[in-house]
Structure formats: structure tokens, C-alpha cells
Amino acid sequence: MAETILQASTLPQRLVVQLRQHFPLVDQRELAPLALAARAGEFTVLLVDGETAVSAAQIAALPQLKLIAVFGVGYERVDVLAARAQGVRVTHTPGVLTDDVADLAIGLLLATARQIGGAQRFIERGDWLQGSYPWTRKVSGARLGILGLGRIGRAIAQRAAAFNMAVSYHSRQQYDDFTGRFFATPLALADHCDFLVVCTNGGVATRALVDAKVLAALGANGILINIARGSVVDEAALVKAIDQGVIAGAGLDVFECEPQVPAGLMGRDNVVLTPHMASATHSTRRMMADLVFDNIAAYFAGRALPTPVTESPNP
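Just so we're aligned: the sequence shown equals residues 1 to 315 in this note's numbering.
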């Protein structure tokens with residue numbers, strides 16, 4: 001029986017077509033539960049997006065599984081420890097989406113600070129006929145705090161340099177090759193900066209890392225930007241901080257219970273919301289799809305995987 005890919009998420013049609021041209025592929029959503037269980041031994045590759053959970057039970061239910069290919073850089077919803085224990089490797093798509101995510105972070109920062117969305121609604125309501133829009137917040141020369149100095153955090157810092165921003169950061173370690181000031185805790189970083197951009201990984205270790213105390217430290221003139229994972233921010237605390245003026249505003253591309261977004265974040269001139277679209281450009285999604293294909297093709301050919309996650313077992 002041929003080794004088969006099990007597709008468990010909605011993915012770009014171009015990728016699905018390309019995979020079907022080279023390998024057997026079954027869409028899990030087209031199988032009844034009993035049919036899936038009956039065919040479980042066929043599937044050696046599980047194909048998912050970055051938002052799809054893959055539990056230890058799901059991994060155990062596929063006894064011949066050898067690879068979980070994630071369409072996305074984040075893989076915290078995959079139980080990688082369970083995968084490792086079963087000898088299953090996990091790949092993702094790092095690097096190719098860095099520029100797009102960093103671009104959107106800066107876009108959200110500018111849009112929130114200058115209240116671009118609110119200003120557009122001001123015009124559309126006809127309010128400009130009665131007077132000018134309220135003054136907003138200057139960006140150039142401000143202090144930018146980056147929470148998580150990985151590829152995306154560094155790309156944001158590079159862009160912030162064009163705005164003459166003073167960049168500081170908190171990360172799991174201090175980097176000698178980065179000139180920005182290091183802070184030992186998120187709280188200390190938030191207390192120092194005007195804009196706090198969340199770039200860290202999701203998962204249990206970072207859940208609610210930005211809590212009520214961090215938001216209070218950011219302060220009434222501070223703005224929060226999140227392009228990482230919704231779980232990193234205590235969303236209830238954020239809604240309260242926005243509502244009570246604890247912080248000046250927020251630009252958010254990710255949310256705790258996507259696609260559900262708290263009503264308390266909507267309809268506010270000082271809050272800019274986008275639907276988890278940071279990497280969603282045509283060119284980047286094509287590159288992500290190509291990288292997923294390359295990882296799966298490498299598995300079938302017995303070659304080294306291009307982009308395994310760090311927790312994956314050795315081949």
C-alpha cells in the first residue's frame with residue numbers, strides 16, 4: 001500500500017494540486033470517522049496549517065505516521081513531544097514570511113498611533129465638516145520594545161531604525177550581536193518603552209506573558225502591537241486596559257480564540273484589528289507552499305528535511 005498524505009486543514013489549492021500530482025493525498029474532511037479509522041495505517045504524512053491542533057491522541061491514532069508538515073511558522077498547537085516520542089518529525093515554514101509579518105507590525109504601529117482607521121471613519125461620518133480630527137501620537141524617535149528577538153523581531157527592529165526609534169528588547173537570552181538594550185523581564189521592557197511589539201512564540205511557556213501588570217507598566221501613553229499569537233496576551237486584561245485607558249491603544253493581528261474577537265476591542269479609534277493576515281500576501285503564501293512541498297518531497301525521497309522544528313527527532 002502506497003504511503004499517503006492526510007490533509008487535515010484548508011490549504012492553498014495550488015499546494016494541494018501540486019502534492020496530488022506527485023503523491024497520494026486524502027482530505028480528512030471527506031472521510032467519515034469510521035473510514036478514517038479504517039485507513040489510519042495508510043497515512044505517513046499529516047498536513048496541517050498553523051492553527052490546527054494535533055494532539056497526542058491524534059498522533060497515536062495514525063500508527064504509521066512519520067511526518068507532520070505545518071503550513072506556517074508557528075507549531076505550538078502540535079504536540080511535538082508526543083510526536084517525538086512516536087518518532088514523528090515535524091516541519092514548518094520559517095524565514096519566508098519574516099518580511100511580511102514585520103511589515104504588518106509596522107503598519108499596525110503606524111495605523112494605531114496615528115489612528116488612521118478612526119480618521120477615515122471621521123471623514124465618512126461627515127465629521128470633518130464640523131472640525132479637525134483630534135491630534136494623535138508621533139512615531140518617529142519613540143522608544144520601541146520588542147518582546148521576542150527572533151527573525152521577525154530583528155526585522156521589525158531594522159524597519160524601526162528608519163523611523164529613528166530607540167529599540168530595546170526582552171528575549172529568552174541576551175544577544176551580543178544586537179545593539180538594542182536588553183531587559184530581563186517583559187515588565188521592565190514595557191515600563192521603558194512607548195510601543196511594545198509582541199513577536200515571541202506561542203504555547204504554554206508564553207501564555208498571558210503580557211498580563212495586566214505588563215499593560216499597566218506600558219502605561220497610559222503606551223501602545224501594544226501583537227503579530228505573534230493571541231495566547232501571549234491576556235485578552236481580558238487587554239480589553240479592560242483599553243476600556244479604562246490604562247494603555248493608549250492596540251494594533252492586533254492575532255486573538256486568543258480566533259476567529260472570535262472580543263466586542264470590547266471593536267469600534268474604537270485607538271484599536272486597529274486585522275484578521276491574522278500578517279503573512280497573507282500572494283508571494284509569501286506561494287513561498288510557504290513551496291517550502292511545505294519541499295519538506296514532504298524530501299521525506300518521500302529519504303533526504304534531509306529542509307526546515308524541521310528544533311524538537312524533531314533525528315532522521
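Even for Gly, the Cβ is constructed at its ideal location relative to N, Cα and C.
Counted within 10 angstroms of its Cβ, other Cβ atoms place ASN226 as buried (16 or more) or exposed | Buried, because 16 or more other Cβ atoms sit within 10 Å of the Cβ of ASN226.
Roughly how many angstroms separate the alpha carbons of ASP243 and ALA85, rounded to a whole number?
-> Rounded to the nearest angstrom, the two C-alpha atoms are 45 angstroms apart.
Counting only the same chain and skipping the five closest in sequence on each side, list residues whose C-beta sits under 7 angstroms from that of LEU320.
-> This structure cannot speak to residue 320, because the chain is shown only from 1 to 315.
Are LEU238 and LEU196 closer than 8 angstroms when you measure CB to CB?
-> Against a cut-off of 8 angstroms, the Cβ pair of LEU196 and LEU238 comes out as no contact.
Name the one or two DSSP bridge partners that ALA69 has.
-> Beta-bridge partners assigned by DSSP to ALA69: LEU47, THR91.
Where does HIS170 sit, in a helix, a strand or coil, going by DSSP?
-> HIS170: strand per DSSP, three-state reduction.
Where does LEU4 sit, in a helix, a strand or coil, going by DSSP?
-> The sequence given here places Thr at residue 4; Leu does not occur at that position. Correct three-state label for THR4: strand.
Which value, in whole angstroms, describes the spacing of the CA atoms of GLY245 and ALA220?
-> Spanning the two alpha carbons is a distance of roughly 6 angstroms.
The region 84 to 104 contacting the region 301 to 310, beta-carbon criterion three pairs below 8 angstroms = Yes, the region 84 to 104 touches the region 301 to 310.
In terms of alpha-carbon separation, which member of VAL198, CYS199, VAL210, VAL214 lies closest to ASP191?
-> Looking at the Cα atoms, VAL214 is the closest of the given residues.
Determine the direct distance from the alpha carbon of PHE163 to that of THR93, and round the result to whole angstroms.
-> Taking the straight line joining both Cα atoms gives about 29 angstroms.
Apart from the five residues just before and just after GLY145, which ones in its own chain have a Cβ nearer than 6 angstroms to its Cβ?
-> The residues are SER168, LEU189, CYS193, LEU196.
Could you say which of ASP127, ALA205, ALA32, LEU6 lies nearest to PHE43 if we only look at CA atoms?
-> Per the Cα distances, LEU6.
Note down the Cα distance separating VAL233 from PRO186, rounded to an integer number of angstroms.
-> Taking the straight line from one Cα to the other gives about 12 angstroms.
State buried or exposed for GLY249, treating a residue as buried only when at least 16 other CB atoms are found within 10 Å of its CB.
-> By the neighbour-count definition (other C-beta atoms within 10 Å, threshold 16), GLY249 is a buried residue.
With a 10 Å radius around its C-beta and 16 neighbouring C-beta atoms as the bar for buried, classify LEU67 as buried or exposed.
-> Counting the other Cβ atoms within 10 Å of the Cβ of LEU67 gives 16 or more, which makes it buried.
ARG143: first and last residue of the uninterrupted beta strand (DSSP E) it sits in | Counting along the chain, the beta strand (DSSP E) containing ARG143 begins and ends at 143 to 147.
Check whether the region 17 to 29 touches the region 295 to 302, taking contact to mean three or more Cβ pairs, one atom from each stretch, closer than 8 angstroms.
-> Contact annotation: the region 17 to 29 touches the region 295 to 302, with at least three C-beta pairs closer than 8 angstroms.
Contact between the region 70 to 79 and the region 43 to 56 (3+ Cβ pairs under 8 angstroms) | Touching, per the Cβ criterion.
In angstroms, rounded to a whole number, what distance separates the CA positions of GLN120 and ALA278?
-> Going from the Cα of GLN120 to the Cα of ALA278 covers about 22 angstroms.
CB contact flag (THR200, LEU147, <8 angstroms) | Against a cut-off of 8 angstroms, the Cβ pair of LEU147 and THR200 comes out as a contact.
Please go through the same chain and pick out, in chain order, the residues whose beta-carbon is closer than 7 angstroms to the beta-carbon of THR281, but skip the five residues on each side of it.
-> Taking THR281 as the centre and dropping the five residues before and after it, the same chain places the C-beta of ASP100 closer than 7 angstroms to its C-beta, in chain order.
Whole-angstrom distance between GLN18 and PRO12, CA atom to CA atom = Rounded to whole angstroms, PRO12 and GLN18 show a C-alpha spacing of 10 angstroms.
Measure the C-alpha to C-alpha separation of ILE326 and ILE156 and round it to an integer number of angstroms.
-> In the structure as shown, the chain starts at 1 and stops at 315, and residue 326 therefore has no counterpart that could be examined.
Are ILE59 and ASP27 touching if we call contact CB-CB under 8 angstroms?
-> It is not a contact, given that the beta carbons lie outside the stated cut-off.
By DSSP, does PHE195 sit in helix, in strand, or in coil?
-> Here PHE195 sits in strand by DSSP.
Within its chain, find whatever has a CB closer than 7 angstroms to the CB of GLY230; leave out the 5 residues flanking it on each side and keep chain order.
-> Closer than 7 angstroms at the Cβ level, and outside the excluded window around GLY230, lie VAL254, PHE255, GLU256, GLU258.
Output the distance between the C-alpha atoms of SER140 and ALA184, rounded to the nearest integer angstrom.
-> Answer to the nearest angstrom: the Cα atoms are 25 angstroms apart.
Could you give the distance in angstroms between the alpha-carbon of LEU129 and the alpha-carbon of MET266?
-> Distance between the alpha carbons of LEU129 and MET266 is about 25 angstroms.
Should LEU46 go down as buried or exposed, given a rule of 16 or more other Cβ atoms within 10 Å for buried?
-> Looking at its Cβ environment, which holds 16 or more other Cβ atoms inside 10 Å, LEU46 is buried.
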